[in-house]
Each structure stands twice: as C-alpha cells, then as structure tokens.
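Participant:
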Amino acid sequence: MVLCSRKHIFVCFNCFRFCFSHCLSLCSGNCHSNCYYGWDLKRSRKWNFDQRGEYLEKVRELDTIVFDKTGTLTKGKGEVTDIIEIRGLKQSENSKLKILQIAASLEKNSEHPLAKAIVEKAEKENLRLFEVKDFEAIPGKGVKGKIEGEEVLLGNRRLIKSDLGIELEKQGKTVMLISIEGKVKGAIGVADVPKEGAKEAIEELKEMGLEIWMITGDNQQTAKAVGKQLGIERILAEVLPKDKEKEIRKLQAQGKVVGAVGDGINDAPMLAAADIGIAMGAGTDVAKETGGIILVKDDIRDVVKAIKLSRATFSKIRQNLFLAFIYNVLAIPIAAGLFYRWLGFLLRPEIAALAMILSDISVIGNSLLLRKYKF
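Using the numbering used here, read the sequence shown as starting at 26 and increasing by one per residue.
1) Is it the case that the stretch 220–237 contacts the stretch 151–158, given that we only count it when at least three CB pairs across the two stretches are under 8 angstroms?
2) CA-CA distance, A285 and K269?
3) Pair every Cβ in the stretch 257–266 with every Cβ in the stretch 208–218, then say whether three or more of these pairs are closer than 8 angstroms.
4) Using the Cα positions of I357 and S392, report the straight-line distance between them to the nearest angstrom.
5) Does DSSP put P358 in a helix, in a strand, or in coil?
6) Taking Cβ positions, are E272 and D88 nearer each other than 8 angstroms?
7) Could you check how far apart the C-beta atoms of G174 and I163 are, in whole angstroms? I think they sit under 8 angstroms.
8) May I ask you to list the residues that DSSP assigns as paired with E236?
9) My guess is that G170 and F160 are in contact by the Cβ rule of under 8 angstroms, so how many angstroms apart are they, rounded?
10) Secondary structure at G306, three-state DSSP: helix, strand or coil?
11) So, is M305 buried or exposed, given that buried needs 16 or more other C-beta atoms within 10 angstroms?
12) What did DSSP end up calling T106 once you bin it into helix, strand or coil?
13) Tell me, which residues are paired with E82 by DSSP?
14) Short of 6 angstroms in beta carbon distance, which residues of its chain neighbour A380, apart from the five on each side in sequence? Order them along the chain.
15) Hey, how far is the Cα of V329 from the Cα of K146?
16) With distance defined between alpha-carbon atoms, name the residue in R85, S387, A142 and V354 nearest to Q344.
17) What is the DSSP secondary structure of S384, counted as helix, strand or coil?
18) Grab the span of the alpha helix (DSSP H) containing D268 for me, first residue to last.
19) Going by the beta-carbon positions, is the gap between D324 and G222 smaller than 8 angstroms?
20) Kindly give me the distance between the Cβ atoms of I172 and V157, rounded to whole angstroms, as I take these residues to be in contact under 8 angstroms.
21) Keeping to the same chain, check which residues put their C-beta closer than 7 angstroms to that of G390; ignore five residues upstream and five downstream.
22) From the DSSP output, read off the bridge partner residues of S204.
23) Express the C-alpha separation of G252 and N73 in angstroms, rounding to a whole number.
24) Would you decide whether L276 is buried or exposed? Buried here means 16 or more other CB atoms lie within 10 Å of its CB.
25) Taking just the CA atoms, how far does P266 sit from A248?
26) Excluding the 5 residues preceding and the 5 following L184 in the sequence, name in chain order all residues of the same chain whose CB lies nearer than 7 angstroms to its CB.
27) Alpha carbon to alpha carbon, how far is Q279 from D385?
Here is the structure:
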C-alpha cells in the first residue's frame, strides 16, 4: 500500500481548490444565460400576427405554401359586375333585376363573400327578397330551394351545365348560374379583386425560395386569370371543400413541408392537415381554431413577416449559443490553470466572473438586435 504524505495531500488540496475556485466563477453566470434564447419568441406577439409557441420553430422549415383564393388572396368582398338573362324573360333591365332578386333570395342566409355581394347588390336596388322553402346548400357547387313553388338552383358549372358567361371567367370573374325548373335562365358575374400587397407578398415568398400554390373551388379559367394577376403558376382549381385536405396530403406525400393559409369554414380541414395552418384575422372562428398561427391583421404580407421573424429568431439563437460556448471553450482551460505551468498565465476568479457577465451581456445585446430587424 502506498500512503500519501502530508505534503502530497496539501499539494493535491491546493490544486483542487485552485481549479474549483476558477472554474466555479465561470459556471456562476452560465446557468441563466439560456433564458435569453426564449426572449426572442415573445417578440413575435408584437407583430401583426399571433402564434402558439411551438409553431414559430416550424415556420422556418416551410418550403411550400398553399393559399386559399377567396377572402385570403382576394378581398372576399366581391362586386356584381354583370347580369345575363336568357330564355323566358324579356331582355330588359327589369328581367335582369328579376334574376338578381331570385339569386339574392337564395343567398340571403349564406356567409360566403360572393353571396354577400349578390345580396348587397339587391339591397342597393331595393329589391324585395322572396321566401325560400326547402333550402339546401351544396358544398363546392351552390345552393338550391323552392321559390313560389318552382325549384331554383344557383351555383357553378359543376351544379348547372352551361356555357353561359364563359367570357366573364376569362376576365377572372366568378360566374353564378341560375336554373329554374331545370332550365338555365341567367347568370351573375362577380368580380373579387386581389388584396392590397398580395402580389408583392407572393413575389417576396418566391424570392425566399418557397413554392406557392393557390387552391380554389372556382373553375380553371377563373382561377388561372386570378393566378396570372398574382403571379401564381401552380393552381389547384375546382377543388371541393372536403377535398382541400386531400390536396395538402398529396403535397406532404411528396416530402414537402406545407403551410396553408385560409379564412373560411371551408378552409378548416386544410389548415388542420397542413404542417402549419395560418388563419387570417378576419376569418371565421373555426378557421382560427384550426390555424396554428393567426394573423391579427387581415394582411397577407404578414405571412412574409412571420417566416422572416422565425428565421431571424433562430439565427439569433444559433449566434447566442456560439457566444455562450466559445467563451467557455476558451476560458475554462485557462481558468483551470491548464497553461499556467508553461505560460504562467491564469484568470483570477473575479476577472473570470466579470468576463462571464460580459458574455451574458453579449447574448442579451445580440437578442435585442432582433427588435431593430427590418421585416
């Protein structure tokens, strides 16, 4: 057995005390510096969107965004621009008003933006609306009901087969056809203009490397016309509300990280299926509940801000981790006296503690720079 002398014990104790006192001064400040990494996440609440914690990290991973058309890319407050009347009614202003009167009667209880446009037009013309019996909404197609004992249908070409109003669709307008007792009687053209800043937002998202899609229940011609106005080439048209979720799944099956943006009840399944669902602030409560991120303002440009903020925040986190670890990697060996024997240099505890404070200040200061970030 080898016994240590008192001298050896004294030397070992002094070495331990030397290393411990210097290393402890380094560790004292490091335990709380990580708190500053989470500070940047709170910054997002001061922008024009709200978010639910964990979604901010996922936003930066998006490579594909699918936008609903009506109410998201467009204002969703259409205006009746054309009324076409055929068969059975005289070609006059009164016959066109009759078509409008019938359409508004069917749409008076609908929350769809285009339906509201028709009702508002009828109200401006001071038209009395008919009582509708046996009303039924047909998802993705239109509505039907009985007016004065006659069965009336109002909807798109999936509901009513007719070429009436095709020229209007080429202009980007939505055409609602009217059929009475199985005969096409007319059509109403509704124009829904793109939102302010929508085209610029799409262009910026493309520059950021994102793949942009537009999904809509409108026919191909109308969808392509609107897509052309906004600079969107990838279009999913004539998609029923219940099928929007399937289209999202198809994109995900291709390995894409998909974000979906919408505002209506019809968009809820799509938002829930996407990796990130983004609900517009002016949308329905159902859409907001299923959206991982809620844009407080009804501004499509906030989608760009959300992605930029997410990327900037995590860039700061990586920088802060570097600032915290590089100090310890360099300073701990010096403070522990690793090079003292050869260089005669070490960090005194008080100097090491001061350096640790300066390290924390650099982390905090770097995080605060995010407030100056221009989106």
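Quick reminder that beta carbons are idealized off the backbone N, C-alpha and C, glycines included.
Facilitator: Once the coordinates are examined:
1) no
2) 10 angstroms
3) no
4) 24 angstroms
5) helix
6) no
7) Not quite, the Cβ-Cβ distance comes to about 21 angstroms (not below 8 angstroms), so this is no contact.
8) BP columns for E236 point to T89.
9) 4 angstroms
10) coil
11) Flag for M305 reads buried.
12) Assigned with DSSP and collapsed to three states, T106 falls in strand.
13) The partner list for E82 (beta bridge, DSSP) is empty, contrary to what the question assumes.
14) none
15) 35 angstroms
16) S387
17) Residue state for S384 is assigned as helix, using DSSP reduced to three classes.
18) P266 to A278
19) yes
20) 6 angstroms
21) none
22) L178 and V209
23) The predicted model places N73 with a pLDDT of 44, which falls under 50 and marks its position as unreliable, so this point remains unresolved.
24) buried
25) Straight through space, the alpha carbons of P266 and A248 are spaced by roughly 15 angstroms.
26) Excluding sequence neighbours, L184 sits near I163, K166, G167 and L178.
27) 43 angstroms
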